[in-house]
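Residue numbers (the working numbering), protein chains in the order written: chain A, 100 to 309; chain B, 100 to 309. All residues carry an ideal CB built from backbone N, CA and C; glycine is no exception. Remarks on the structure that follows.
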DNA sequence: TAGAATATAGCTGTTTACAGCTATATAAGA
DNA sequence: TCTTATATAGCTGTAAACAGCTATATTCTA
């Protein structure tokens, strides 16, 4: 290959991960691995001295964490592409990384091919995620889209209410105490921010919950 | 005109109407007016003896009324076209005539051109109505289509209910007694056949009343 | 595995809803 | 003009809804 390979650095507090990644990346011969670091404090001076095209960045790090480090990296070298590489699966962490300038998020149990693909996509300016992360984000999206999240039981009871069945009858029908049904009703009212059953059914209809 | 004109008969208990119609029809020279009768008993023997293509038939007649006479005419001579020509504006009478085989219904205050047009349409096998009758039928249709007919007040209150406003507050808002609002609610419940407010709002939503 | 969410059950008031009636004045329609 | 529909107001019960709490067992899930 005549073109110079993109320079790549790893920041991960697990030496084993660094070791494994190094070997795999060597095999592929697509990137020039110019440095591995187990914390952000060591990496920052290096970045200031050396141009780095792409950084694989863990979230959990001793001292400054990945989220903050990402921000720092982008302010020092905006042309550097940061790709989160972590085991963290919380949506909040993922979002924070993206807000701070990361170009994607790859879960550590992703395959090497998946990782290579994501790196290339990131280098092309795209935001990419490994499959597992994608699933998490989509699911979160779905939950959020469903403006209101009623449980199975609540949905069941809501439908009965919409059919004009009263609390005592619902209790009978579902073999529950009337107190239980009443509690479910209270919860539904709260979740949909309704003052009473009439408004509840209105809102439920608007949101297509029936 | 070389073609034989269609034969036409009038059955109407008002001599003035017969007189006027006769003159107008003569002018148009489109039909061969072969007989005028002020009651059905006189007309039936005539019809049995003479082929009549079209009959202008009033509803209010001495002895046998227009609805029954129409049926009789169609059973004696199915090829005879009967066109109701009356002042009656009740939907039930119109429907009865049609059920008994009439090909249309022209109100007596229709213009002569309207009448001529309707006769021709009827001869062509169509069911026609003068404009005023059409309006009556359409309006009746609309009323019936609107599966449920709520009054202005009821609709107003229904919307407030759907917004979660309780009876006492609705009463305040509309400067009414709470008893009045309660009565409106009862009426709405009955009209929409709902057991309670929850079901009411469901049904109202289904019927697009909100 | 610990914490969060869910489903369950309970108690006590107060407020609303609902059923069942009567009644009257006005407006709209046949 | 006469009947029907509408809008108004009233009364009396009973049933249901609602607000505000506590509490526990189970199930999800990070």
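Given a threshold of 16 other Cβ atoms within 10 Å of its Cβ, counted over all protein chains shown, does residue i qualify as buried or as exposed?
i              : result
residue 307(A) : exposed
residue 268(B) : exposed
residue 110(A) : buried
residue 274(A) : exposed
residue 191(A) : exposed
residue 94(B)  : Nothing can be reported for residue 94(B), as the shown portion of chain B is limited to 100 through 309.
residue 186(B) : exposed
residue 94(A)  : The structure shown does not extend to residue 94(A), since chain A is modelled only from 100 through 309, so no value can be given for it.
residue 249(B) : buried
residue 141(B) : exposed
residue 181(A) : buried
residue 244(B) : In this prediction, residue 244(B) scores a pLDDT of 49, lower than 50, which makes its location untrustworthy; no coordinate-derived value is stated.
residue 178(B) : exposed
residue 230(A) : exposed
residue 202(B) : buried
residue 263(B) : buried
residue 148(A) : exposed
residue 227(B) : buried
residue 223(A) : exposed
residue 282(B) : exposed
residue 199(B) : buried
residue 157(B) : buried
residue 189(B) : exposed
Can you find a C-beta in chain A that's less than 8 Å from the C-beta of residue i?
i              : result
residue 138(B) : no
residue 293(B) : yes
residue 298(B) : yes
residue 269(B) : no
residue 244(B) : Reliability of the predicted coordinates at residue 244(B) is poor, the pLDDT of 49 falling under 50, and no value is obtained from them.
residue 265(B) : yes
residue 304(B) : yes
residue 301(B) : yes
In the DSSP output, what is residue i paired with across the bridge?
i              : result
residue 183(B) : 156(B) and 204(B)
residue 228(B) : 204(B)
Got a sec? Which residues, its chain only, sit under 8 Å from residue i by beta carbon, not counting five neighbours each side?
i              : result
residue 300(B) : 260, 261 and 309
residue 279(B) : 270
residue 289(A) : none
residue 209(B) : 217, 229, 230 and 231
residue 272(A) : 259 and 264
residue 195(B) : 166
Determine the DSSP secondary structure at residue i, reduced to helix, strand or coil.
i              : result
residue 109(A) : strand
residue 134(B) : strand
residue 278(B) : helix
residue 254(A) : helix
residue 189(B) : coil
residue 128(A) : coil
residue 149(B) : coil
residue 119(A) : helix
residue 164(B) : coil
residue 301(B) : helix
residue 269(A) : helix
residue 244(A) : Legend: pLDDT at residue 244(A) = 49, less than 50; position of this residue unreliable, no value from coordinates given.
residue 210(B) : coil
residue 291(B) : coil
residue 286(B) : helix
residue 264(B) : coil
residue 139(A) : helix
residue 223(B) : coil
residue 174(A) : helix
residue 144(A) : helix
residue 114(A) : helix
residue 233(A) : helix
residue 308(B) : coil
Note down, in chain order, each residue of its chain lying with its Cβ closer than 7 Å to the Cβ of residue i, except the 5 sequence neighbours on either side.
i              : result
residue 134(A) : 108 and 145
residue 106(B) : 131, 133, 150, 151 and 152
residue 138(A) : 112, 160, 161 and 162
residue 172(A) : 146, 154, 179 and 181
residue 252(B) : 283
Quick one: is residue i near chain B, going by C-beta distance under 8 Å?
i              : result
residue 262(A) : yes
residue 286(A) : no
residue 229(A) : no
residue 174(A) : no
residue 185(A) : no
residue 191(A) : no
Within its chain, find whatever has a CB closer than 6 Å to the CB of residue i; leave out the 5 residues flanking it on each side and keep chain order.
i              : result
residue 277(B) : 266, 267 and 270
residue 214(B) : 205
Under the criterion of a Cβ to heavy atom distance below 7 Å, does residue i qualify as lining the ligand GTP?
i              : result
residue 230(A) : You won't find the ligand GTP in this model; it holds no ligand whatsoever.
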